[in-house]
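Colleague: First the structure, then my questions, so here it is.
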Amino acid sequence: MRSVIFRIILIALLLGMPAAAAARNHERSGVTLPAETLHYNVMFKWGLINKKAGEATLSLQHGPDMYHARLTAHSAPWADRIYKVRDTLIGRMTYENFTPLYYEKIAHEGNEHKHDVVAYDYSEAGTVRGICTRRVFKRDVLHIDEQREMTAENRAVDMLTSFYYMRSLPFQDWTPGQTESIDIFSGKQKELLTIRYLGIDNVESVRGESPAYHVRFIFTSGGGRKSSDDMDAWIATSADRTPLKLEGKLPVGKVRCVLAR
């Protein structure tokens, strides 16, 4: 369940940035995105139950020569009694085209503490190398301490830089069934994220009924094997591309992530 919730939080954040700004940055370098902070609520839905299960905050700041991004996510007090989550993601990327330079995940989930770091190497033309270190503690005892190398052709992202990659996709020009895929590095494995466009639906939200792009996210690894369940998002067709609803299944009920402010 924790993997599903965390991925839903991340995907909601991936959809939070106005698309026009990201598209401009991919078309020409030197355009600076403003510093910003976004807040999200994670809701648990089961029948008539619709309860807040956690919160997430994403911030983007300007360094001397690169962007600095940070995501924090935590479970609500009632959910802590079932499974306590305190996660932080840290990333750095270039101003020119959001090329990832550094990625770190610090996760406290239940009785586990995981620390993943990815350092990027672009010394070989046409190849992205991720030097990934991973340490896992269980009840404060070190169980895993390893380093591995992952490679991808042309471009790869992590869960923070994919936020900006997603915003560059021109859903308004896509036809239903069209897909886009990109490799994602983590401290554990390389995955393939496929974004499938399903068309335009009318969605009821705080804005009333409005048209939205319906998109499905598919995570696979190891020759096409699914690494988590699919998730669906409905993104406003207006210029701000606000995510109106995002949903993923749990063994019991569903998780929905909504922008709080």
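Numbering (this note's numbering), first residue to last: 33 to 293. We put the CB at the ideal spot given by N, CA and C, even for glycine. Treat the numbers as computed from the prediction; the structure is a model and nothing was measured.
Short check: CB of I214 to CB of V189, under 7 Å?
Modeller: yes
Colleague: Relative to the C-alpha of V235, which residue among P109, K277 and I250 is closest?
Modeller: K277
Colleague: Under the rule that 16 or more other beta-carbon atoms within 10 Å means buried, what is L174, buried or exposed?
Modeller: exposed
Colleague: Within a Cβ cutoff of 6 Å, which residues of the same chain sit near I138, ignoring the five residues on either side of it in sequence?
Modeller: T120 and H147
Colleague: Considering only residues of the same chain and omitting the five flanking positions on each side of V284, which have a CB-CB separation below 7 Å?
Modeller: W78
Colleague: How about L201 and E212: are their beta carbons less than 7 Å apart?
Modeller: yes
Colleague: Exposed or buried, which one is E223 when buried takes at least 16 other CB atoms within 10 Å?
Modeller: buried
Colleague: According to DSSP, is Q204 helix, strand or coil?
Modeller: helix
Colleague: In whole angstroms, give me the CA-to-CA distance for F203 and P243.
Modeller: Computed Cα separation, rounded: 13 Å.
Colleague: At the level of alpha carbons, what is the spacing between S155 and G162?
Modeller: 11 Å
Colleague: Going by CA-CA distance only, name the one from H100, S237, K258 and D112 that's closest to A265.
Modeller: S237
Colleague: Going by DSSP in three states, S61 sits in which element: helix, strand or coil?
Modeller: Because the pLDDT at S61 is just 38, under 50, the model does not fix this residue reliably, and the point stays unresolved.
Colleague: Which class does F195 belong to by DSSP, given the choice of helix, strand or coil?
Modeller: helix
Colleague: Looking only at its own chain, which residues have a Cβ that is under 7 Å from the Cβ of V168, when we skip the five neighbours before and after it?
Modeller: E144, K146, H175 and I176
Colleague: Taking all protein chains shown into account, decide if V287 is buried (16 or more other Cβ within 10 angstroms of its Cβ) or exposed.
Modeller: By the neighbour-count criterion, in which a residue is buried when 16 or more other Cβ atoms sit within 10 angstroms of its Cβ, V287 is buried.
Colleague: Under three-state DSSP, which class holds P243?
Modeller: strand
Colleague: Can you find the residues in the same chain that come closer than 8 Å, C-beta to C-beta, to T207, ignoring five residues on each side of it along the sequence?
Modeller: Y229
Colleague: Check each candidate in L282, G86, M98 and I216 and name the one with the smallest Cα separation from W110.
Modeller: G86
Colleague: May I ask you to report which of helix, strand or coil DSSP gives A157?
Modeller: coil
Colleague: By a C-beta neighbour count over all protein chains shown, 10 Å radius and 16 as the cutoff for buried, is I267 buried or exposed?
Modeller: buried
Colleague: If you follow the beta strand (DSSP E) that A139 is in, where does it begin and where does it stop?
Modeller: P132 to E141
Colleague: Looking at the secondary structure, which residues open and close the alpha helix (DSSP H) in which D264 lies?
Modeller: For D264, no alpha helix (DSSP H) encloses it; the enclosing beta strand (DSSP E) starts and ends at M263 to A268.
Colleague: I need the straight-line Cα distance from H94 to V247, nearest angstrom please.
Modeller: 30 Å
Colleague: Going straight from the alpha carbon of D112 to that of T252, what length do you get?
Modeller: The alpha-carbon atoms of D112 and T252 are separated by roughly 29 Å.
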